[in-house]
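Those letters in the sequence shown? Residues 83 to 310, by my numbering.
Here a beta-carbon is modelled for each residue, glycine too, at the ideal position from N, C-alpha and C.
Data first, discussion second: the structure below is written as structure tokens.
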Amino acid sequence: GNNKKTEEQRVFPRTIPPRWEAIKPAYDVFESLRVDQSPLSELQKRCEPLSDLQRIGDLECRAEWMHHLEQAEIVAVDDMMGFAFGKKGGLVVVLADGRKAMYKPCGSGGEWPENEIIASHLDFAIGFNRTPPSVMRNITSSYLRQVIEKQSGVLSSMMNSKLLILEQLTQTCADNGVFFGAMIGWIHNLEGTTTIRKTLSSSYSQDDVEHHRDTMDPHYLSEITKNH
């Protein structure tokens with residue numbers, strides 16, 4: 083009798099969690115748009131007047147945004163971070179309708195493109211709705227090169243910093259010329275923030291870190307605190 087009770091207690095509930103029932107339509111619409119794009123035009127018209135933050139929480143508009151990130155043509159490469167100052171090779175791309183996205187094709191240690199997707203889904207599932215939609219997207223290095231060359235015109239490859247950074251990304255992060263990265267929705271009109279400079283090595287002790295913070299400019303620290 084006790085064994086049977088224990089087995090019954092281990093059975094997971096068969097009901098769908100209420101929160102999943104609430105957000106599931108967004109994923110249903112996203113999947114349906116992969117098969118049939120006929121509703122896309124009307125959906126875009128309905129979502130266009132909404133702010134980016136409103137679109138994040140709107141089920142259909144979020145689905146449209148995810149579809150756009152996954153399928154829309156890339157027409158320009160805007161800012162390329164490369165690997166300077168500990169960056170992970172992220173680049174800002176411009177999509178066919180003028181919307182932007184951040185593409186992150188690289189990772190290392192505990193920071194990988196997949197983490198962006200996980201964070202986006204978790205934020206949506208919890209109901210915070212502060213993180214933009216993100217999807218995985220495979221892009222060839224040659225495709226990005228064509229986009230950059232087209233927008234750069236006659237600028238030679240030796241003088242084109244974007245092509246030089248792309249070559250670094252290809253050698254470091256691509257698999258046979260293909261990037262497997264996270265395409266992250268771009269939220270407009272956000273103020274830039276500053277974070278505390280990463281001047282300490284990983285070998286520093288806690289005392290070293292505390293001393294570093296204690297000796298920093300108090301005004302600088304107060305500005306950083308306001309940003310977070």
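- For T252, the enclosing alpha helix (DSSP H) begins and ends at S243 to C255.
- The distance from the Cβ of P187 to that of F261 is about 4 Å, consistent with a contact at the 8 Å cut-off.
- Annotation for T252: S223 and G259 place their beta carbon closer than 7 Å to its own, counting only its chain and skipping 5 residues before and after.
- The three-state secondary structure of G180, taken from DSSP, is coil.
- Per DSSP, the continuous alpha helix (DSSP H) segment holding N197 begins and ends at P195 to I208.
- Inter-residue distance for W102 and L204 is about 11 Å (C-alpha atoms, whole angstroms).
- Secondary structure at R212: coil, using DSSP grouped into helix, strand and coil.
- Within the same chain, R137, P215 and G267 come within 7 Å of W147 by CB-CB distance, once the 5 residues on both sides are set aside.
- Assigned with DSSP and collapsed to three states, D110 falls in helix.
- Shown here, S190 sits in a strand according to DSSP, grouped into three states.
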